[in-house]
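Chemist: Have a look at this one.
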Amino acid sequence: MVNIAVLAKISLNLNLLKIESNGKINTAESPLAISEYDKNALEEALRIREKFGGKVICISVLTWGPVNKKLQDAERIMRETLALGVDEAHLVVDDYFDSCSPLETSLAIASVLRKLGNFDLYLCGESSMDVSSAQIPARIASILDIPFITYVAKIRIEENKIFFHRELPNGVQIIEAQPPLVVSVTGEINQPRLPTLKQILQSKNKPLIKYTLKDLQIETKAGKLNQWMEVRPVIRKNIIYEGSKLEEIAQDLINNLIQEGVLKI
Amino acid sequence: MTSNIIVFSEDSKIINDALHVAYSLSEKTGNLIALTNSDENAEEYFRNFDEVYVTKKDLMPDQWASLLRKVFLEKNANYVIAPHTVNNNDILSFLSAKEGMHMVSNALSFQEKGDYYVFSRQVIGGRGISYIEISKNEKIALTVPLKVYPKINLNKSPLVKEITEIPNSKINFAGFEERKRSGVNIENADIVIGVGRGFKNKEDLKLAQELADAINGVVGCSRPIAADYGWLPNDLWIGISSKIIKPKLYIAVGISGAPQHVSGIMDSKVIVAINKDKNASIFKYADYGVVADLYQFLPTLTKKIKEMKK
Ligand SMILES: Cc1cc2nc3c(=O)[nH]c(=O)nc-3n(C[C@H](O)[C@H](O)[C@H](O)COP(=O)(O)OP(=O)(O)OC[C@H]3O[C@@H](n4cnc5c(N)ncnc54)[C@H](O)[C@@H]3O)c2cc1C
Chain A
1 MVNIAVLAKI SLNLNLLKIE SNGKINTAES PLAISEYDKN ALEEALRIRE
51 KFGGKVICIS VLTWGPVNKK LQDAERIMRE TLALGVDEAH LVVDDYFDSC
101 SPLETSLAIA SVLRKLGNFD LYLCGESSMD VSSAQIPARI ASILDIPFIT
151 YVAKIRIEEN KIFFHRELPN GVQIIEAQPP LVVSVTGEIN QPRLPTLKQI
201 LQSKNKPLIK YTLKDLQIET KAGKLNQWME VRPVIRKNII YEGSKLEEIA
251 QDLINNLIQE GVLKI
Chain B
1001 MTSNIIVFSE DSKIINDALH VAYSLSEKTG NLIALTNSDE NAEEYFRNFD
1051 EVYVTKKDLM PDQWASLLRK VFLEKNANYV IAPHTVNNND ILSFLSAKEG
1101 MHMVSNALSF QEKGDYYVFS RQVIGGRGIS YIEISKNEKI ALTVPLKVYP
1151 KINLNKSPLV KEITEIPNSK INFAGFEERK RSGVNIENAD IVIGVGRGFK
1201 NKEDLKLAQE LADAINGVVG CSRPIAADYG WLPNDLWIGI SSKIIKPKLY
1251 IAVGISGAPQ HVSGIMDSKV IVAINKDKNA SIFKYADYGV VADLYQFLPT
1301 LTKKIKEMKK
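Chains A and B, in that order, give the protein sequences. Going left to right, the first sequence walks through residues 1 to 265 as the numbering used here numbers them. Going left to right, the second sequence walks through residues 1001 to 1310 as the numbering used here numbers them.
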């Protein structure tokens, strides 16, 4: 039996960002989505459970507020994880965490984890798709005082040993280690499944437990940081060709590229 | 505030990439203390520091993390700065959690603003920038990108101490496999054709290669083509987590235009997109967009170019 806690980020949906005319991202009005590689972490947890049995829970801290605008979207995302096969979902929602930094997020996750007891593996994506600090895995390991292995593209279990293949810029590093461990995974580790209709219906009866700041024990001397995000402007010609006359389109495109001085024939 | 600053890198070859930021934040009066491994040219890198703690061996991240914490506490330091690598970022995160500190990963720039520093970093897959204000009184950890900040030469005569007491690691090294490389340098090419998941099979990539051959370009790809499918070597993958390119002409074929990909091509002179979905994001970033099936349009385009050459 392997018990697994998946740490999943409720990220901004990068395709639906609300951008103000001054380039600032209006996070309050931007819809949410589960972070890309956390889906792979979830999938890996489900595969391990299929082989070895055990329990899979999912924890998330809503870091984009305000809660009154975002709660429904956040709950929908947690329900999706339940539909995929997670046994219990745990969600921290409190305006205290609006636009917070990895320091506060990791304290909240660790505080929920302490209530739930020990797990063998703590799985998450290599980094979140919106903020991409990649601090959470090592921070959680540090608070729990256990080792961490990041950027894992393959987990191989052989007899009593577990091997982790780390995808590093110059090659693959192989690590052998025993649980408990915090492991972050890359997109190449697996192809996440989609839930069936039956699973989606069943997920309504599974536990989704919510916490606010007062349910957690969070102590920090560090102040909360002020931060904001802006999007780099895009200035392009946006000339679009449509239709079935591919030869003509090709000819026109070639002429334009020659005129731009970027193509020589 | 006079402050001691620890500059850390598990690899001493890149330690000076973090020097400029460290030196600026030390307000020129704090001591610069390095913790790193040794290397045949290490003496030269170390001349920028007041004190150097060095190990003769390569260590695992958890071993580095406990050594770093020891030095950080002993030296009563306010800042820890490292060149940004996967392991350095993890090691600083581990320390930051132990010490209850904030950390800024991959800080692109910093500015003073009264009692605060404002750091910037890339977010939204490189399409956005976030600005983070931190009080000068906070202890913080920072990683900074390689080759971004100016080089400086301080020419000090450091006190070098070898660390001989190395804590045990709880994880074991079990091997390393070098990655295969294409040998093609897509960063220097004038014309790059980017292939994405719109291609159904590895063999079909020849459609892009034929176009590339006809216009003297090279083929690059989106992340899944290299990382998930292994159809092309990793050094051809374009985007925030790999190669940033600025060719004269970039042609995205069967690529949806995810921010992590687009941030790697933003500075191309002209961008062309070929995609059968007219709502694909890539069209927002394109000068010329062709809404068509690549399996029909690519051969047509290549044929036309070959005809014109005759
Ligand atoms: C932290 C992080 C880092 C990342 N780093 C990178 C990175 O550096 N580089 C990168 O590329 N990605 C990166 N990604 C992944 C990125 O989010 C996308 O998943 C990826 O870029 C999508 O690749 P794609 O466009 O090839 O595939 P898809 O998004 O699947 O797009 C395929 C496109 O092909 C089109 N298509 C399908 N069939 C045809 C046809 N017959 N003719 C024409 N068009 C067709 C479709 O309409 C679609 O638009 C990263 C993600 C994260 C979370």
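For each residue, glycine too, the CB sits at the ideal point set by N, CA and C. All figures in this text were calculated on a predicted structure; none of them were measured in a lab.
Check the DSSP bridge columns for Glu1178(B) and list the partner residues they point to.
Modeler: Position 178 of the second sequence, counted from the first residue, corresponds to residue 1178(B). When DSSP reads this structure, Glu1178(B) sits in a beta bridge with Gly171(A).
Chemist: What's the gap between the Cα of Asp1190(B) and the Cα of Lys1303(B)?
Modeler: Locating residue 1190(B) in the second sequence gives position 190, where the first residue counts as 1. Locating residue 1303(B) in the second sequence gives position 303, where the first residue counts as 1. Whole-angstrom Cα-Cα distance: 21 Å.
Chemist: Here's the rule: buried if 16 or more other CB atoms are within 10 angstroms of the residue's CB, otherwise exposed. What is Phe52(A)?
Modeler: Here residue 52(A) corresponds to residue number 52 of the first sequence, with the count starting at 1. The residue in question, Phe52(A), is exposed, as its Cβ has fewer than 16 Cβ neighbours within 10 Å.
Chemist: Considering only residues of the same chain and omitting the five flanking positions on each side of Asp1017(B), which have a CB-CB separation below 6 Å?
Modeler: As a position in the second sequence, residue 1017(B) is number 17, starting the count at 1. So the list reads Pro1083 and Leu1146, once near-sequence residues are dropped.
Chemist: Could you check what DSSP says for Arg1223(B) in three-state terms: helix, strand or coil?
Modeler: Taking the second sequence and counting its residues from 1, the one referred to as residue 1223(B) is at position 223. Arg1223(B): helix per DSSP, three-state reduction.
Chemist: Is the Cβ-Cβ distance between Lys161(A) and Glu176(A) less than 8 Å?
Modeler: Taking the first sequence and counting its residues from 1, the one referred to as residue 161(A) is at position 161. Taking the first sequence and counting its residues from 1, the one referred to as residue 176(A) is at position 176. Yes. Within cutoff.
Chemist: Check the Cβ of Trp64(A) against every Cβ in chain B and list those closer than 7 Å, keeping chain order.
Modeler: Counted from its first residue, the first sequence places residue 64(A) at position 64. Result: empty, since nearest Cβ-Cβ is about 12 Å, beyond 7 Å.
Chemist: Under the three-state reduction of DSSP, which class applies to Arg1121(B): helix, strand or coil?
Modeler: Here residue 1121(B) is taken as the residue at index 121 of the second sequence, counted from 1. The answer is strand: DSSP assigns Arg1121(B) an E or B state.
Chemist: Can you tell me whether Arg79(A) is helix, strand or coil according to DSSP?
Modeler: Here residue 79(A) refers to the residue found at position 79 of the first sequence. Arg79(A): helix per DSSP, three-state reduction.
Chemist: By how many angstroms is the C-alpha of Ser1157(B) removed from the C-alpha of Ile1271(B)?
Modeler: Position 271 of the second sequence, counted from the start, is the residue given in the question as residue 1271(B). Position 157 of the second sequence, counted from the start, is the residue given in the question as residue 1157(B). Near 51 Å, if we compare the C-alpha coordinates of Ser1157(B) and Ile1271(B).
Chemist: Mapping DSSP to helix, strand and coil, what is Asn118(A)?
Modeler: Taking the first sequence and counting its residues from 1, the one referred to as residue 118(A) is at position 118. Reduced to three states, the DSSP call for Asn118(A) is coil.
Chemist: Taking the straight line between their C-alpha atoms, what separation do you get for Arg1181(B) and Cys1221(B)?
Modeler: If you number the second sequence from 1, residue 1181(B) lands on position 181. If you number the second sequence from 1, residue 1221(B) lands on position 221. Looking at the two C-alpha atoms, the distance is approximately 14 Å.
Chemist: For the beta strand (DSSP E) holding Gly153(A), just list the boundary residues, first then last.
Modeler: Counting from 1 along the first sequence, the entry for residue 153(A) is found at position 153. A small correction: the amino acid at residue 153(A) is Ala; Gly does not occupy that position in the sequence shown. Note, Ala153(A): beta strand (DSSP E), Phe148 to Glu158.
Chemist: With the cut-off set at 8 Å, would you say Val1219(B) and Ile1193(B) are in Cβ contact?
Modeler: Residue 1219(B) sits at position 219 when you count from the first residue of the second sequence. Residue 1193(B) sits at position 193 when you count from the first residue of the second sequence. Result yes, Cβ atoms of Val1219(B) and Ile1193(B) sit closer than 8 Å.
Chemist: Buried or exposed for Arg166(A), please, with buried defined as at least 16 other CB atoms from any protein chain shown within 10 angstroms of its CB.
Modeler: Residue mapping note: residue 166(A) aligns to position 166 of the first sequence, counting from 1. With 16 or more Cβ atoms within 10 Å of its Cβ, Arg166(A) is classed as buried.
Chemist: Please tell me whether Val1184(B) and Val1054(B) are closer than 8 Å, where the distance is taken between their beta carbons.
Modeler: The residue given as residue 1184(B) occupies position 184 in the second sequence. The residue given as residue 1054(B) occupies position 54 in the second sequence. Not closer than 8 Å, so no.
Chemist: In whole angstroms, what is the alpha-carbon distance linking Ser1281(B) and Asn15(A)?
Modeler: Locating residue 1281(B) in the second sequence gives position 281, counting from the first residue. Locating residue 15(A) in the first sequence gives position 15, counting from the first residue. Between Ser1281(B) and Asn15(A), the C-alpha separation is close to 8 Å.
Chemist: For Arg139(A), return the contacting residues in chain B, with the cut-off set at a CB-CB distance below 8 Å.
Modeler: Indexing the first sequence from 1 puts residue 139(A) at position 139. Within chain B, the residues Ser1093, Phe1094, Ser1096 and Ala1097 have their CB atoms less than 8 Å from the CB of Arg139(A), given in chain order.
Chemist: On the criterion of 16 or more Cβ atoms from any shown chain inside 10 Å, does Phe1176(B) qualify as buried, or is it exposed?
Modeler: The count along the second sequence starts at 1 and reaches residue 1176(B) at position 176. Burial call: exposed.
Chemist: Just by C-beta distance, which residues in the stretch 78-96 of chain A are closer than 9 Å to chain B?
Modeler: none
Chemist: When we look at the beta-carbon of Trp1064(B) and count the other beta-carbons within 10 Å, is it buried (16 or more) or exposed?
Modeler: Here the question's residue 1064(B) lines up with position 64 in the second sequence. Buried.
Chemist: Could you give the uninterrupted runs of the beta strand (DSSP E) lying entirely in the stretch 1017-1061 of chain B, keeping only those of 3 residues or more?
Modeler: Uninterrupted beta strand (DSSP E) stretches at least 3 residues long and entirely within the stretch 1017-1061 of chain B occur at 1032-1037 and 1051-1055, given in chain order.
Chemist: Is Ala1189(B) helix, strand or coil by DSSP?
Modeler: By 1-based counting over the second sequence, the position of residue 1189(B) is 189. Ala1189(B) falls in the coil class under three-state DSSP.
Chemist: Taking the alpha carbon of Asp1115(B) as the reference point, which residue from Val1148(B), Tyr1131(B), Ser1135(B) and Leu1142(B) has its own alpha carbon closest?
Modeler: Residue numbering aside, residue 1115(B) sits at position 115 when the second sequence is read from its first letter. If you compare the alpha carbons of Val1148(B), Tyr1131(B), Ser1135(B) and Leu1142(B) with that of Asp1115(B), the shortest gap goes to Ser1135(B).
Chemist: Heavy atom of ligand 1 less than 7 Å from the Cβ of Ser1242(B), yes or no?
Modeler: Taking the second sequence and counting its residues from 1, the one referred to as residue 1242(B) is at position 242. Yes - ligand 1 has a heavy atom lying nearer than 7 Å to the Cβ of Ser1242(B).
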